[in-house]
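So for the sequence shown, the numbering used here puts the first residue at 886; every next one is plus one.
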Amino acid sequence: MKTSTYFSLMAEFKTAQIPLADICEKYFKLKHSTAKRQAARQTLPVPAVLIRKDGHNNYFIMAEHLAELIDTKAEEAHEDWVLANAQ
Numbered sequence: 886m887k888t889s890t891y892f893s894l895m896a897e898f899k900t901a902q903i904p905l906a907d908i909c910e911k912y913f914k915l916k917h918s919t920a921k922r923q924a925a926r927q928t929l930p931v932p933a934v935l936i937r938k939d940g941h942n943n944y945f946i947m948a949e950h951l952a953e954l955i956d957t958k959a960e961e962a963h964e965d966w967v968l969a970n971a972q
């Protein structure tokens, strides 16, 4: 995880525990209802944390895990770009 990605997420969401509802469409291209189902099965690309089980089942994503995912995907894209543009 690059520190800048983590701190960018912290600045954007103002918390280290980001509500799934706030990121599911932007980062996972999922509607909230679908993201909640995947969170319950732990099939999202990052771990989902259920801090308090109640009727709403509000899941959270840790900023550090989302930052690691973003950095990994960015590195993979960079490697693909380097290979595609190697001369």
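Glycine included, C-beta positions come from ideal geometry on N, C-alpha and C.
Bridge partner(s) assigned by DSSP for residue i
i, result
"Met947", "Gln902"
For residue i, the nearest candidate out of the options (CA to CA)
i, options, result
"Ala901", "Thr928, Tyr944 and His963", "Tyr944"
"Ala896", "Thr957, Leu968, Ala948 and Ala969", "Ala948"
"Ser889", "Val967, Asp956 and Lys899", "Asp956"
"His941", "Ala971, Phe898, Gln927 and His917", "His917"
As assigned by DSSP and simplified to three states, the class of residue i
i, result
"Leu935", "strand"
"Gln923", "helix"
"Thr928", "coil"
"Leu915", "coil"
"His963", "helix"
"Ala971", "coil"
Cβ-Cβ distance between residue i and residue j below 8 Å
i, j, result
"Ala952", "Tyr891", "yes"
"Ile946", "Leu905", "yes"
"Pro930", "Leu894", "no"
**OP:** Evaluate contact between the region 956-963 and the region 911-923, counting only Cβ atoms and requiring at least three cross-stretch pairs below 8 Å.
**Re:** no
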